[in-house]
Amino acid sequence: MGVYLVSVAAQDWSQLGEDGYGDVAAALSTELERRGLPPYEPRQVAGKAPGWFEEKVSPSMDSFVTLCRTRLTDAELSALLDWNVLVPFALEEELVLPVGTAYSGEETVVAGAPQVLALIERLAEAVELPVDAIPEGENLTLSLWFLEGGVDRTARVRTGPWAEDRDAAFYVALYLRAAQYSIRHDCPMTYS
């Protein structure tokens, strides 16, 4: 149980009903069209990773939010954290859609992964996160790396502010890998 940050497969993005995001997809297309932009339809990307992105959102976010507040403006903090759906293309601003999901209530806030990536890269640099040592790709590898000792082994040889606050480091790594995955595999991300 718990909350997970997950990728949304192309077939689930357009599917209506409990297992799909068709209502969100339709509302997003309508809003994009209203702004003179083409609709978004995920596509199969060559070299797509096996499986999907899935990481458990488990540690406390308190120290991560504190880090964000010391390094980001209020508008940047909102852009980084206040979305329900992350899409793999740039948006000038967050879009608020009149469609609810299990974790969003009456509205869904959509953000662009390139903007989220730029913000989280700034935080990764600020805490000296050893990005090349952080796992990516397979489901739950990041969560397990933090829970099962991989982070401890890395922290012994790659010191820095990131190693002093593991909860904040987890969320920097989580949002970094989620935004990268979204862009690389042209897929939305959401909470499940």
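Going by the numbering used here, the sequence shown opens with residue 11, and the numbers climb by one from there.
Don't be surprised by glycine CBs; every beta carbon is placed ideally from N, CA and C.
Measuring alpha carbon to alpha carbon, tell me which of Glu103, Tyr201, Val16, Leu139 ends up nearest Ser88. Checked all of Glu103, Tyr201, Val16, Leu139; the closest Cα to Ser88 is Glu103.
Three-state secondary structure (DSSP) at Val120? It is a strand residue.
Distance, Glu148 Cα to Val120 Cα: Taking the straight line joining both Cα atoms gives about 25 Å.
What are the boundary residues of the alpha helix (DSSP H) that includes Glu174? Glu174 -> alpha helix (DSSP H) spans 171-174.
Just the Cα atoms here: how many angstroms apart are Glu158 and Tyr14? Taking the Cα positions, Glu158 is about 18 Å away from Tyr14.
Using three-state DSSP, classify Thr83 as helix, strand or coil. Of the three classes helix, strand and coil, the one that applies to Thr83 here is coil, per DSSP.
Compute the Euclidean distance between the alpha carbons of Gln125 and Asp162, then round it to the nearest angstrom. When only Cα atoms are considered, Gln125 and Asp162 end up about 30 Å apart.
Candidates Val182, Phe156, Ala143, Trp23, of which the one nearest Ala128 by Cα: Checking every option, the nearest Cα to that of Ala128 belongs to Val182.
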